[in-house]
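Take a look at the structure below.
Protein chains: 2
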Amino acid sequence: MRQHSPDVMSKPERLKLNYKFWIETQSGLSVLGEGKWKLLKAIRDTGSLKAAVEKMGYTYRQTWQNLKDIEEKLSFKLIEKSRGGEKGGETVLTSKGEHIVAFFDKLYADVEPRLNESFDRMVEDLNKIVD
Amino acid sequence: MRQHSPDVMSKPERLKLNYKFWIETQSGLSVLGEGKWKLLKAIRDTGSLKAAVEKMGYTYRQTWQNLKDIEEKLSFKLIEKSRGGEKGGETVLTSKGEHIVAFFDKLYADVEPRLNESFDRMVEDLNKIVD
DNA sequence: TTTGGTTATGCATATTTTGCATAACGGTTA
DNA sequence: TAACCGTTATGCAAAATATGCATAACCAAA
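Chains as they are written, first to last, in numbering that gives the first Met the number 0: chain A, 0 to 130; chain B, 0 to 130.
Structure (C-alpha cells):
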C-alpha cells in the first residue's frame, strides 16, 4: 500500500524553551527533581502522603514507590510515616527532607531568574527559524 | 511473609546536579533537546543517518521514528534524505536544520557557563545535607 | 473490641520502548 | 537494461515500564 507522509509544512507554530534540574548520584542515577520537591512541600503542608498526592494529582501507588526508591538511592529518609491513630496515620518530613526542600527553594531562586532572562532572549532567535 | 525494608541508612554517596534544556511547542509538547542536537551534528558530519546513529550509539529504527515525529511537531523538515546511488543513499541537513543546530550551539554557549558556576556552588550545600 | 482513615503492597492491564527482520530505492556499473 | 549495493523505510513481536485497581495492615481513640 502506498501512503504518502503527512505534509510537514502545514502548521507553523511558535516554539518555546523549557528546562529541568535534578539531583543524581555520582554514578549518574537520577534521584529527584522539581516534582518530588513540590510533593515534599505538599507533605509538609498536609502532614499526609495521601493528601499530598491528591493535591498534586499523582497516584498514591506510584508516588509511594517513587519515594521508597528515592530514599534507597539517597541512603537516607526524607519522610517519616506512621499508621493508625485518630487521623489514621501521618507522614512528616525528616530533618534531611526539610533540608532537601530548602535546597531546591534556594536552587530555583538562584538560577531561575537568570535562566529565564537568557531564555526570553534566545527564544526570539528560535522563532526566527520557524518563519 | 514478613520482610523488612533494606537499610536505607547504609551507603552515603556524594550527590551532583544535572540539567536539561529542550524546545517545545506552545502547547507544551516536547520536541527536541541535547540528544537530537548532537545527532543532527553527526548527520551533518557524516552525511548519513545510519552512520550518525552508529556514531551516537542509537538505534536506527527509533531514531528514524523520532526524527519523523520531531519534523511533524515542528512542521518543517530538519533533514533531507535520499535513497540509492553509489553510496546507497544520504542524509543532509536542511537550512532550518542547520539553524537549529546553530541555535543550540549558541544556547549552550550562553547558558552553560553561568549555570555550571551556580551548580558548583550549590552542590556544596547539597552534600552538606548528606553527611 | 470496634471503628476509621491512613499507609503498604500484590497483581493484572495498558502503554512504551527495543530491536529484529525485511522491504523499498535508485544511482552506478557492466 | 538489468543486476548490484548500501542506505533509507517500516511492520511487528517481544521486553520493559508505567498505571491503577483492589485489598491488606496498622493502631490510637472511642
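Where a beta carbon is used, it is the ideal one built from N, C-alpha and C, also for glycine.
Just so you know, these numbers come straight off a predicted model, no measurement behind them.
- request: For I128/B, decide whether its Cβ has a neighbour in chain A, counting only Cβ atoms nearer than 9 Å.
  value: yes
Original post:
Which residue spans inside the region 15-88 of chain A form an unbroken beta strand (DSSP E) run of at least 3?
Top reply: 29-32, 78-82
Next on the checklist: Against chain A, which members of the region 12-26 of chain B pass a CB distance test of less than 7 Å?
Outcome noted: Taking 7 Å as the upper bound on Cβ-Cβ separation, chain A lies near residues E12, R13, L14, K15, L16, N17, Y18, K19, F20, W21, I22, E23, T24, Q25 of the region 12-26 of chain B.
Exercise for review: Pull up the CB-CB distance for L14/A and F20/B, whole angstroms please, since I reckon it's below 8 Å.
Suggested key: Going by Cβ atoms, the distance from L14/A to F20/B rounds to 12 Å, so no, they are not a contact pair.
Exercise. Out of curiosity, what's the CA-to-CA distance linking I22/B and N115/B?
Worked result: 20 Å
| message | Starting from E123/B, trace the alpha helix (DSSP H) in both directions and tell me its first and last residue. | response | 94-129
Legend entry - Alpha carbon of M55/B to alpha carbon of W63/B, nearest angstrom: 13 Å
- Give a yes or no on whether 9 Å exceeds the smallest Cβ distance from L125/A to chain B. yes
| said: Given a cut-off of 9 Å on the beta-carbon distance, is the pair I69/B and V30/B in contact? | reply: yes
Margin query: Which residues of the region 89-110 of chain A have a Cβ closer than 8 Å to any Cβ of chain B? Give them in chain order.
Written below: Listed in sequence order: K95, H98, I99, F102, K105, L106, D109, V110.
Exercise. Give the secondary structure of R13/A by DSSP, where H, G and I count as helix, E and B as strand, and everything else as coil.
Key: coil
Report task. Taking M121/A as the query, report the chain B residues whose CB atoms sit under 9 Å from its CB, ordered along the chain. Result -> F102, K105, L106, D109, V110
Proximity test, Cβ basis, 9 Å: R113/A and chain B
Nearest CB-CB separation between R113/A and chain B: below the 9 Å threshold.
Can you find a CB in chain B that lies within less than 9 Å of the CB of S47/A?
With 9 Å as the cut-off, S47/A does not count as an interface residue toward chain B.
>> Please report the straight-line C-alpha distance between I128/A and E85/B, rounded to a whole angstrom.
In response: 33 Å
Q: Would you check if the distance between the CB atom of K76/B and the CB atom of G96/B is smaller than 9 Å?
A: yes
Mapping DSSP to helix, strand and coil, what is H3/B?
Interpretation of H3/B is limited by its pLDDT of 36, a score under 50 that renders its predicted location unreliable; the figure taken from the coordinates is listed afterwards. Three-state result, H3/B: coil.
Check each candidate in L66/B, R82/B, T90/B and name the one with the smallest Cα separation from T45/B. T90/B
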